[in-house]
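Numbering (the UniProt record's numbering), first residue to last: 1 to 328.
Every residue, glycine too, gets a C-beta built ideally from N, C-alpha and C.
The next block holds one structure in the form of structure tokens; read it before the comments.
Put into structure tokens, the structure is as follows:
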């Protein structure tokens, strides 16, 4: 139990905060729905309930993925967060289906909207809370992707960088983006249904919210299916390759692989050294490279192998080749 609590302290904080906030919001929306029977509020209730469950799953999965390797699982538990997320999207998928189904029913059989004050109050509070969580997720995205921004630039830059964030942070960002947009959409639909004859507006809003949820399900499933299989990261691969090529004793890179292990990176690199170098000298180079690569954020495991210089250039990024290298 002590180990479990220690692991939970390492869980993704954005997911934990989002789970609590969405849990509170889902209770508020459920109360409003049962008081008014508003179909747009029904869609928002399911949306927030699915998000809360999903984000708690993510928090637990991200925490358990930090568990140290064991004799039975020597490669560690890094990909556990991907497996947990694959299971979590099933919940959102079911919620999405129910949301779309109820929306179509309301479009075909529209009912007069009521309880506008209750609905708008609850949705207004929800949008503010979800907007707060989204803002925190935006800042976390920028932190994880090493991008500096302030003011309104936080919004634009986070949308451009969220795909490179950790799986848990990416999920929170996507879900709360959709949740905030869905809340605004529901408010517009309720206003239209109350002040115009267009009673189908709430049903249309419900369908659109459900479709946005389906989009999140699809993105999360594809991203984490790739992560569970072991996805290469070419951007980090070239960044580390460039760094390795700057070492004065490295003549070339024969091969380099960077695999995502959940939120962490596993690096394998085979470098070419001068054939006259001794084992002791090569060992010094290895220690230097391992230390430098481990300083890269997110890298937790490094394997460095050596081969003698064959006189041919394998590393293709010419910008990283030394000017005095005879192979250029």
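Nonlocal neighbours in the same chain, by C-beta distance under 6 Å from residue i, ignoring five residues either side
i           : result
residue 63  : 7, 8, 10, 11
residue 257 : 268
residue 52  : 19, 22, 23, 26
residue 126 : 25, 183
residue 76  : 69
residue 32  : 41, 118, 119, 122
residue 28  : 122
residue 324 : The predicted model places residue 324 with a pLDDT of 45, which falls under 50 and marks its position as unreliable; any figure quoted below should be read in that light. Closer than 6 Å at the Cβ level, and outside the excluded window around residue 324, lies no residue.
residue 322 : With a pLDDT of 42 at residue 322, under the threshold of 50, the modelled position of this residue cannot be trusted, and the question is left open.
Residue i classed as buried or exposed, judged by whether at least 16 other C-beta atoms fall within 10 angstroms
i           : result
residue 279 : exposed
residue 133 : buried
residue 48  : buried
residue 55  : buried
residue 130 : buried
residue 175 : buried
residue 319 : For residue 319, the predicted model reports a pLDDT of 43, less than 50, meaning its position is unreliable and no value from the coordinates is stated.
residue 341 : With the chain represented from 1 up to 328, any question about residue 341 goes unanswered, as that position is not in the structure.
residue 106 : buried
residue 215 : exposed
residue 61  : buried
residue 173 : buried
Residue-level contact to chain D via CB, residue i, 8 Å cutoff
i          : result
residue 83 : Checking the listed chains, one finds no chain D in this structure; it contains a single protein chain.
Residue i CB to nearest heavy atom of the ligand SAH below 7 Å
i          : result
residue 16 : For the structure depicted, the ligand SAH is absent and the ligand set is empty, with no information on it obtainable.
Distance, residue j Cα to residue i Cα
i           : j           : result
residue 288 : residue 269 : 13 Å
residue 169 : residue 135 : 12 Å
residue 330 : residue 139 : Since the first residue shown for the chain is 1 and the last is 328, residue 330 is missing from the structure and cannot be characterised.
residue 334 : residue 86  : A question about residue 334 goes unanswered here, because the residues of the chain that appear run from 1 up to 328.
residue 240 : residue 310 : 22 Å
residue 308 : residue 177 : 51 Å
residue 30  : residue 20  : 15 Å
residue 298 : residue 115 : 50 Å
residue 45  : residue 166 : 27 Å
residue 218 : residue 281 : 50 Å
residue 15  : residue 260 : 20 Å
residue 36  : residue 58  : 32 Å
residue 151 : residue 74  : 44 Å
residue 244 : residue 66  : 27 Å
residue 137 : residue 312 : 46 Å
residue 286 : residue 13  : 35 Å
residue 119 : residue 265 : 46 Å
residue 303 : residue 271 : 11 Å
residue 247 : residue 156 : 36 Å
residue 72  : residue 191 : 58 Å
residue 316 : residue 251 : 13 Å
residue 274 : residue 146 : 35 Å
residue 295 : residue 301 : 11 Å
residue 220 : residue 162 : 12 Å
residue 211 : residue 283 : 56 Å
residue 197 : residue 34  : 23 Å
Own chain, CB closer than 8 Å to residue i, minus 5 neighbours either side, in chain order
i           : result
residue 124 : 187
residue 199 : 110, 111, 112, 113, 193
residue 148 : 142
residue 195 : none
residue 128 : none
residue 290 : 302, 304
Residue nearest to residue i in terms of C-alpha spacing, selected from the options
i           : options            : result
residue 213 : 199, 115, 96, 150  : 96
residue 121 : 282, 199, 299, 183 : 183
residue 84  : 179, 255, 225, 150 : 225
residue 277 : 249, 303, 216      : 249
residue 253 : 295, 301, 305      : 305
residue 22  : 50, 158, 223       : 50
residue 189 : 28, 43, 34, 229    : 43
residue 82  : 227, 274, 316      : 227
residue 39  : 196, 98, 142, 68   : 98
residue 255 : 232, 314, 222, 171 : 314
residue 79  : 195, 163, 231, 173 : 231
residue 222 : 171, 196, 107      : 171
residue 117 : 296, 275, 41       : 41
Beta-carbon proximity list for residue i, same chain, < 7 Å, skipping 5 on both sides
i           : result
residue 185 : 205, 208, 209
residue 144 : 165, 166, 169
residue 17  : 133, 136
**Study point:** the region 230–245 in contact with the region 88–106 per 3-pair CB rule at 8 Å
**Key:** Contact fails: fewer than three Cβ-Cβ distances are below 8 Å.
Point to revise | Meets three-Cβ-pair contact criterion under 8 Å: the region 191–209 and the region 96–107 | key: Yes: at least three Cβ pairs fall under 8 Å.
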